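Residue numbers (the numbering used here), protein chains in the order written: chain A, 1 to 346; chain B, 1001 to 1346.
Every residue, glycine too, gets a C-beta built ideally from N, C-alpha and C.
Remember, it's a predicted structure, so these values are computed and weren't measured experimentally.
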C-alpha cells in the first residue's frame, strides 16, 4: 500500500522529539519511542527526515542535536535551557522542511506562528488542564492529531486520531500459551491490580503480576497479602522478556479504573497472540475488537465469567488483527496521509 | 537633554516585562520595577511603547496581556504556560515594532531569530551558569546590555552597561539626619549584617537593622545576641518608610561579602543624601564616588575609622550625584541611545 506519491518522495520532514530521553529510549520514554518508530518508518518509505533529538540518539535519519545526552541523564544540563534551545533549533531551520512534526508537547506551538512551514502536533495527552490554553490558542493554525478518540479535548479541533503503532516484530505469536493470567503495568489502583487478583481467584488460575510498584501502600494492602503459589509478583520486566511473558500468558487482565490515553501493554499482548480482558475506560473500546482480540467487562466477576470465551479466541487471528491495526507500518501510513492533508491544504 | 531625534519620535518599542509580578510590583519585583520605570520614562519622551505585562499592570503605555494577574498571585495559572504564551505574543506582533526590549531573562532569545525586528536584552544577572549557553548562542545576533560592568560574563558581547535608575523623587534629601547607622537588606552573611554590628560598636553609634531574615541560623548566632539599646532590628520596611529610614541615617553600612550585581538600597540611600560605606565587591566600585557619595573599605575596622569622613560629606551633593547618575531619566536616556545604536546598525 504505497501511500506516498512518487512525486512526493522528496518530502522533507522535521521530527521534533523530546529530549527527556534518548531516541529510542534505553528503558522508559514513550514519547521518544514514538518518535523513533515514526522516524525510522518514514525513512524506510523514502521520506527525507531530520530527527531533532539528543546527540546520542540512534537513527537512519539525519540527526540534529543541541545536547549530547538527555537532560535526565546529564546533570550539567538545565532542562528548561536545553529544551528551548532544542525547540528553537528546528524552527530556525523551518525553511528547510515541508512540514515540522511536533512530538514535544505544547511549548513548540508558541514558536509555530513565527514560521511559514506547517506544524503538525501529536498531542500525547494533557498533563494538566492548565496546559490546554496553549493548544486552544493555536487551534486552527496548527494541526492536531490525537492518539485516541477518548483522549480528545472537546474544545480542540483535530485532523485525525492516529493510534500508536508498535514494532510487532518484537513480539512472537505464541500459539500454545502457558496457563497463567497476567497483570502487566505499574502497581496502582488505577491499573486494577487487586481486580486482577480477584479474577484469578475466581477462575482458579495462577496470576503473574509484572511492573513497578508505583503505590507502595496499595501494594502492601491489596497485593502482598495474596502473594504465594497462586499469585506471583515478578517486578518490572525489560524489553527482552516482554514477548515471552506477554505471549506466554493465557490472557491479559487490564481492568483499569481510569481514562487511560494509550496503554502499550494491551497492544503488545495482542501482538503476541494473547487475548485481553479489559474495562471499557479511556481508549480501550477503540483498541479491543470484541470477540476477535478480547472482551470488555465491567467487573472482576464478569471478567471471570468471560474468561473461557477469551481463551477460545484464535491467537493467530489476534496477532493478525494487532499487526494490521497497531503495527508501526499502519501508523506511518496514517501519518503520511495526515502530512499530505496538511500540505494539500496549505 | 533631548536624546531622541525629532524624526524618531514615532519610534515604536515593545517592552517585554516578566509576569512574576504586576508592573509596577506591589511589593517585591525588581525586574518588574525596572520595566515600569523604563516604560513610563519612554512614554514621557514621546516614544510609542507597548508594554507586555500582566493585565492588572499600571502604565501610560499601551498594555498587552495574556494573563490577568501574575502567576505568583494566581493559582489558576501554570507559570510555564503563561510565560511562553506571553513571550509568543510579543514576537507574533514583531512587525508592529521597531525594536523589542526584552527584560525577561533568556527564554525570549530563543524566539528572536524567527523575526526581523531587532531585540535588545537587558541581562539582569545569571541565576545559574547553566543559562549562559542561551546567551552565548544568540550573542552577535541579539544585543545585550549589562546592568553593571561587574555583572558582565566574559564570554558575551555587550553593547553597553546601563546602570538602573530609580525614581529619585520618592527619596527626600535629609540634610539633618539622625545619629543612627543603618543596615538595610536581607539578613544573610552575604550582606554583612555582623560586620555592620562591629562597625557600630567601634564607633559608639546605634545601629538600625532593617530587612527580611533570609538566614535564620545566622540571625540567631550573629545578630540576635547583640540586640538591645545599641542594636535594633525593625524587620522589613515597605516603600513608604524607605525614604524616611534611609534618609534619617547618618550613614548606610553595606559591607557585602559577595559579588552583588546591583543593590538598590545603596542608590536609594544616596538619593536621600545619606553617605554609603561599602566593600568594593560586585558593582559597588562603579556606583560609589569615593569622597563624594561614600567610601570603599575592606574591613569593619577600616569602616569605623572612615566613618567620620563619611559623616562630613555634603549630603546635598550626595543626592545631586545620585540623581545625575542613578535617576530614571539618565537610565531612559541611556536606553534611547542604545536603541538608536541598534537601529542605526540594523
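Consider the Cβ of residue i: report whether some Cβ of chain A lies at a distance smaller than 8 Å.
i, result
"residue 1019/B", "no"
"residue 944/B", "A question about residue 944/B goes unanswered here, because the residues of chain B that appear run from 1001 up to 1346."
"residue 1128/B", "yes"
"residue 1110/B", "yes"
"residue 1137/B", "yes"
Determine, for residue i, whether the minimum Cβ-Cβ distance to residues of chain B falls below 8 Å.
i, result
"residue 73/A", "no"
"residue 142/A", "no"
"residue 64/A", "no"
"residue 309/A", "no"
"residue 99/A", "no"
"residue 7/A", "Confidence at residue 7/A is low in this model, with a pLDDT of 47, below 50, so its placement is unreliable and the value that follows should be read with caution. No, no contact with chain B."
"residue 70/A", "no"
Consult DSSP for residue i and reduce its assignment to one of helix, strand or coil.
i, result
"residue 294/A", "strand"
"residue 427/A", "Look at the range of chain A in this structure, 1 to 346, and you will see that residue 427/A is not part of it."
"residue 57/A", "coil"
"residue 1112/B", "helix"
"residue 355/A", "With chain A covering only 1 through 346, there is no way to say anything about residue 355/A."
"residue 1010/B", "coil"
"residue 39/A", "helix"
"residue 122/A", "strand"
"residue 1234/B", "coil"
"residue 1258/B", "coil"
"residue 1326/B", "helix"
"residue 2/A", "A caution first: residue 2/A carries a pLDDT of 45, below 50, which makes its placement in the model unreliable, though a value can still be read off. Here residue 2/A sits in coil by DSSP."
"residue 144/A", "strand"
"residue 95/A", "helix"
"residue 222/A", "helix"
"residue 250/A", "coil"
"residue 1277/B", "strand"
"residue 52/A", "strand"
"residue 16/A", "strand"
"residue 1188/B", "coil"
"residue 1101/B", "strand"
"residue 1161/B", "strand"
"residue 136/A", "helix"
"residue 1033/B", "helix"
Pull up the CB-CB distance for residue i and residue j, whole angstroms please, since I reckon it's below 8 Å.
i, j, result
"residue 1285/B", "residue 1296/B", "6 Å"
"residue 279/A", "residue 252/A", "About 12 Å; that fails the 8 Å criterion."
"residue 140/A", "residue 328/A", "Rounded, the Cβ-Cβ distance is 30 Å, inconsistent with contact."
"residue 293/A", "residue 330/A", "Incorrect: roughly 15 Å between the Cβ atoms, too far for contact."
"residue 1015/B", "residue 1035/B", "6 Å"
"residue 1150/B", "residue 1282/B", "5 Å"
"residue 1352/B", "residue 1231/B", "This structure does not reach residue 1352/B, given that chain B is present from 1001 up to 1346, and the question cannot be answered."
"residue 1268/B", "residue 1166/B", "6 Å"
Run down chain A in chain order and give the residues with a C-beta less than 8 Å from the C-beta of residue i.
i, result
"residue 1113/B", "88 and 92"
"residue 1134/B", "81, 84 and 85"
"residue 1116/B", "Correct list: empty, because the minimum Cβ distance to chain A is about 11 Å."
Chain B partners of residue i, CB-CB under 9 Å?
i, result
"residue 131/A", "1078, 1080 and 1081"
Against residue i, what residues of chain A qualify as contacts under a CB-to-CB distance less than 7 Å, listed in chain order?
i, result
"residue 1156/B", "By Cβ distance, chain A contributes nothing, its closest Cβ being about 15 Å from residue 1156/B, past 7 Å."
Give the interface partners of residue i over in chain B, defined as CB-CB distance under 8 Å, in chain order.
i, result
"residue 107/A", "1080 and 1084"
At a cut-off of 7 Å, is residue i close to the ligand PLP when judged by its beta-carbon and the heavy atoms of the ligand?
i, result
"residue 129/A", "No copy of the ligand PLP appears in this structure; indeed no ligand is present at all."
Next item on the list: Give a yes or no on contact between the segment 1021 to 1030 of chain B and the segment 1047 to 1064 of chain B, applying the rule of three or more CB pairs nearer than 8 Å.
Entry: yes
Checklist line | Validate contact between the segment 124 to 135 of chain A and the segment 1097 to 1105 of chain B using beta carbons, cut 8 Å, 3 pairs | finding: no
Notebook entry, point to check: Is it true that the segment 1147 to 1161 of chain B meets the segment 1225 to 1243 of chain B, where meeting means three or more beta-carbon pairs spaced less than 8 Å apart?
Noted result: no
Note to self: Count Cβ pairs between the segment 61 to 74 of chain A and the segment 189 to 197 of chain A that sit closer than 8 Å; are there 3 or more?
What the structure shows: no
Item checked: Stretch-stretch touch, CB-based, cutoff 8 Å, three pairs: the segment 159 to 171 of chain A with the segment 179 to 189 of chain A -> no
Checklist line | Stretch-stretch touch, CB-based, cutoff 8 Å, three pairs: the segment 106 to 121 of chain A with the segment 1078 to 1097 of chain B | finding: yes
Check: Can you find at least 3 beta carbon pairs, one from the segment 1240 to 1248 of chain B and one from the segment 1170 to 1185 of chain B, that sit closer than 8 Å?
Finding: yes
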